[in-house]
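Quick notes on the structure that follows.
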Amino acid sequence: MTSTVNPERVLRELAGLWASAGQPGGAEDGAEAGVLRACTMTLVVAAEDGHDWQGLGETIAALMPEHPARAILIRLTGAGDRALSGLVSAQCWLPSGQRRHICCEQVEIAASDAALADLPSVVRPLAVPDLPVVLWCRSARLAGMPEFDALAARAGKVIVDSQELPLGAVARLAARGTLVGDLAWTRITRWRETLSLVFENRHNLARLGSLTNLSVAHSAPMANTAAYMAAWISNALPNLEISIAPDPQCDSLRVTLAGGGFRVELERHQDRLAVTVDGLSRCANLPLLNDYSLMREELGIVRRDPVFDAALARALQLAYPSG
Amino acid sequence: MPTDNPFQDPLRFERHVPECVVVIFGANGDLTRRKLLPALYRLAYDRRLSAGFAVVGISRTPLSDTQFRERMLEAVKQFSEDTTFDADVWNSFAEGLFYIPGDIGDAGLYTRLAARLAEIESARQTGGSVMFYLSTQPSQYASAAQGLGAAGLGKGKGWRRLVVEKPFGHDLASARELSGRLHEVFDESDVYRIDHYLGKETVQNILAFRFGNGIFEPLWNRRYVAHVQITAAESIGVEGRGAYYQEAGALADMIQNHLLQVMATIAMEPSASFRSTSVRDERSKLLRSIRPMTPDEIRRNSVPGQYGPARIGGQDVLGFLQEPGVRPDSQTDTYAAATFFVENWRWAGVPFYVRTGKRLPKRVTEIAIQFNPAPLAIFGEGDGDRSPNLLIVRIQPEEGISLKFLSKRPGSGMDLRPVSMDFNYGSSFGERSPSAYETLLVDAMIGDATLYTRQDMVEASWSVVEPIQNVWRETRFDFPNYDAGSWGPAAAGDMLARRGHVWRRP
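The listed protein sequences derive, respectively, from chains A and B. Numbering (the working numbering) for the first sequence: 523 to 845. Numbering (the working numbering) for the second sequence: 264 to 769.
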């Protein structure tokens, strides 16, 4: 049996959705009649049917106030007939202290593997004109399939997570000229920022040249994140002796820079990031990052990120030293 | 030795505060407790302060470092509106809080301060950079600066900056005198006159809106703009500050600084770059282009007001004269409205109506730009609403921008109705906006004075406001002239009506 999605019908349903939301009574009690429609991009999210779709829906809903988007959710249903089906809905919220609902559109498309080749022709007309298209791929399986390339080719930015993919796959995407975001890299932004802050101090900056050793210990799932961290630091300090090793005691990363009697350590304990410089410790708030906080940062950057590009290239050398 | 931090990533990192010490004079006061410490704590929470960052509080109350930390902890817990309190972050931050009791007029205070700063610099590697924040009575600004100068604290190993709160003088002569006294110790480039309105996200967004887009600037002139209204309304009264307020008044307290700065931002010419000097040069130029009025013009183009008692929402509300600490015959303006004209090619002949007041119906600050009607009315009187296009920049609350235009109502006839196209700052960018004090403190510590007021701007504002003050002082007004909870005196409406305009009801 074959089923399909007609983009024009989906667009008509979206228009109908706005018309009904704009009617008196379309908004809930206490709110003004009518809604404010907000959109800054088209966000295409692909995930397996077995994924936590409720959690994914909550992540998308949380992102909408900061990155209002037409969300196109692609549910990958796996083997079976060549089948595509669609469902249209709206995500609305009433900002605190305000009188009018803000709404964003959501289109959910279920696609079997056999229908993946048809997806670009459905997604293309559904993308909001003149605004960026961002593809967030939550499926390592899809990222390895040839159909993924056609979907990624439409996107201004592709976001993946090399915690679930080999770094090589990220590099291949980047090599095709696609703007890539890797959540494994995003996870260390606050770590990097904290380390950078240490060297905003002129006294510490003057001792930078004395550092000779870098050690990055990591929990099992954080191997690529550790490689990124080591890569980023070694891009700034090219002559360091580098050690990257898993450590079962470590809940995420532990970064140690040492040499010439100078020592800088970063380690996360519960929801705090502790930075210790020559024994003087200071801690800052660093809750465990979830998909929402990672995507919130990545969606804010829809242009080339030269620091990431350089870190990715160096991380590949560190992860695959034999080339 | 590297001179630049090789770990910087401006695309993803927040702006960071370099290592320094902030010395707060008036550390036991309301501003420190309500605004400064909560803002600094928030910066610590967001990891934006350097590890050795320190605060030295100064006031007359005898307190130890520990007692000062306890007081500031209470303040942070009470006044941090949208920040989760985190004990570990606080403990880390509090290690950098110190206190020195003393009188601003006592030379010994500055000797003790110098010694303490040397200790902190050595222990916390602050690099010798110090920002002095005068959160005291304005009458103490000059004494504090002179004391710092006499102790050699005006210059040091790192940078030295002085932040002063408004009012910057009470007239042109006193503003000049104050600047002169400050300049004996600090260069003008190291004096940061804080105007918290300029730190508000939406005021900064005016610059982005005007100069980041190509479609609005061609309309931003006398050819298309009929008039501009700037409103800063407060629903509260003087809230126990009657004694202080009756020495200031709405004109000096709001229009001389905040609202003229907002007007300068909305009307200034595009600057050559977004560098501090360029932007401030243009603001200053605009302020200097506002035509000072003659006494006759002032009587026609300005309106003072004072609220009387009323019943609002079922509650009796005191009039200004009944407020504690207020003289029963006080002539203080709790409301001020004025019509200004900018004498340049862009704005010649366009009235800028500015009003502010206490005990108005709601708290709202906005700028309304009313455009000229279509040059040819092809639709008849019977074709519905003919109201003009309006661009509203809402500064608070519900920050955003709305454009009102006419649209055909669906149906067979040509019935025109106004519709509003809204950009809502909070909903399009749902992330938390930093408070004005967070923005301005970071700017001062980084050395970015774009949002701070310069001496020439202060003097230009006083040149406009002082003649109005003088005429008002010489006149005996029949106060109160508006009820609490109303939109101000009827004379303010008459002032616009003479030009065929009406105040917006925000």
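Heads up, the beta-carbon is just placed ideally off N, CA and C, and yes, glycines get one too.
**Request:** Kindly list, in the order they appear in chain A, the residues whose Cβ is closer than 7 angstroms to that of Ser355 of chain B.
**Result:** Arg804, Cys805
**Message:** Nearest by alpha-carbon distance to Arg297 of chain B: which of B:Asp328, B:Gly371, B:Gln341, B:Pro325 is it?
**Reply:** B:Gln341
**Prompt:** If we ignore side chains and look at the alpha-carbon of each, how far apart do Gly801 of chain A and Ser327 of chain B end up?
**Reply:** 26 angstroms
**Prompt:** What residues in its chain sit with their C-beta under 6 angstroms from that of Ala600 of chain B, if we drop five residues either side in the sequence?
**Reply:** Val566, Arg618, Ala755
**Asked** Counting pairs of Cβ atoms below 8 angstroms between the region 709 to 716 of chain A and the region 803 to 821 of chain A, do you hit three or more?
**Response** yes
**Request:** Helix, strand or coil for Val627 of chain B, going by three-state DSSP, please let me know.
**Result:** strand
**Request:** Consider the Cβ of Glu497 of chain B: report whether some Cβ of chain A lies at a distance smaller than 7 angstroms.
**Result:** no
**Request:** Label Ala742 of chain A either buried or exposed according to how many other C-beta atoms from any shown protein chain fall within 10 Å of its C-beta, with 16 as the threshold for buried.
**Result:** exposed
**Request:** Give the residues of chain B in contact with Val682 of chain A, contact being defined as C-beta atoms less than 9 angstroms apart.
**Result:** By Cβ distance, chain B contributes nothing, its closest Cβ being about 18 angstroms from Val682 of chain A, past 9 angstroms.
**Prompt:** Secondary structure at Asp328 of chain B, three-state DSSP: helix, strand or coil?
**Reply:** helix
**Beta bridge counterpart(s) of Tyr616 of chain B as assigned by DSSP** = B:Gln492, B:Thr602
**Prompt:** Should Val765 of chain B go down as buried or exposed, given a rule of 16 or more other Cβ atoms within 10 Å for buried?
**Reply:** exposed
**Prompt:** Taking Glu480 of chain B as the reference, which of B:Arg439, B:His446, B:Ile664, B:Pro533 has the closest Cα?
**Reply:** B:Pro533
**Asked** Per DSSP, which one or two residues make a beta bridge with Gly564 of chain A?
**Response** Strictly speaking, residue 564 of chain A in this sequence is Thr, with Gly absent from that position. Looking at the DSSP assignment, Thr564 of chain A forms a beta bridge with A:Arg592, A:Val655.
**Prompt:** Given Asp711 of chain B, which residues of its chain have a CB within under 7 angstroms of its CB, disregarding the five upstream and five downstream residues?
**Reply:** Ser539
**Item:** Which of helix, strand or coil DSSP assigns to Ser724 of chain B
**Value:** helix
**Request:** Would you mind giving the Cβ-Cβ distance between Ala665 of chain A and Val682 of chain A, rounded to the nearest angstrom? I have them listed as a contact below 8 angstroms.
**Result:** 6 angstroms
**Message:** Pop quiz: His490 of chain B and Pro614 of chain B are said to be a contact at Cβ under 8 angstroms. What is the actual Cβ separation, rounded to whole angstroms?
**Reply:** 5 angstroms
**Message:** Looking at chain B, is there any beta carbon in it that lies within less than 7 angstroms of the beta carbon of Ala753 of chain A?
**Reply:** no
**Prompt:** Cα-Cα, which of B:Asn520, B:Gln492, B:Ala535 is closest to Phe474 of chain B?
**Reply:** B:Ala535
**Request:** Using DSSP bridges, identify the partner residues of Met684 of chain B.
**Result:** B:Leu666
**Prompt:** Does Asp827 of chain A come within less than 7 angstroms of chain B when only Cβ atoms are used?
**Reply:** yes
**Prompt:** Given a limit of 9 angstroms on CB to CB distance, which residues of the region 708 to 728 of chain A reach chain B?
**Reply:** Thr708, Thr711, Arg712, Arg714, Glu715, Thr716, Leu717, Ser718, Leu719, Val720, Phe721, Glu722, Asn723, Arg724, His725, Asn726, Leu727, Ala728
**Message:** At the 7 angstroms Cβ level, is Ala537 of chain A part of the contact set with chain B, yes or no?
**Reply:** no
**Asked** Given that a residue counts as buried once 16 or more other Cβ atoms are within 10 Å of its Cβ, and exposed if not, what is Ala706 of chain A?
**Response** buried
**Message:** In chain order, what are the residue ranges of uninterrupted beta strand (DSSP E) at least 3 long that sit wholly in the region 318 to 367 of chain B?
**Reply:** 360 to 364
**Request:** With DSSP as the reference, label Val644 of chain A as helix, strand or coil.
**Result:** helix
**Within chain A, the residues that Leu360 of chain B reaches when beta carbons sit closer than 9 angstroms** = Near Leu360 of chain B there are no residues of chain A at all, since even the closest Cβ is about 14 angstroms away, more than 9 angstroms.
**Item:** Partner residues on chain B for Ala758 of chain A, Cβ-Cβ distance less than 8 angstroms
**Value:** Pro269, Phe270
**Item:** Neighbour list for Arg794 of chain A in chain B, Cβ cutoff strictly below 7 angstroms
**Value:** Asp351
**Prompt:** Which residues in chain A sit within 7 angstroms of Phe276 of chain B, going by Cβ to Cβ distance?
**Reply:** Glu715, Ser718
**Asked** According to the Cβ coordinates, are Gly421 of chain B and Gly391 of chain B closer than 7 angstroms?
**Response** yes
**Asked** Can you list the residues of chain A that Gln388 of chain B reaches, using a CB-CB cut of under 7 angstroms?
**Response** Asn723, His725
**Prompt:** Are the C-beta atoms of Asn476 of chain B and some chain A residue less than 7 angstroms apart?
**Reply:** no
**Prompt:** Can you tell me the Cα-Cα spacing of Ser650 of chain B and Asn723 of chain A, whole angstroms?
**Reply:** 58 angstroms
**Request:** Anything in chain A within Cβ reach of Tyr308 of chain B, meaning under 8 angstroms, just list it in chain order.
**Result:** Ala806, Asn807
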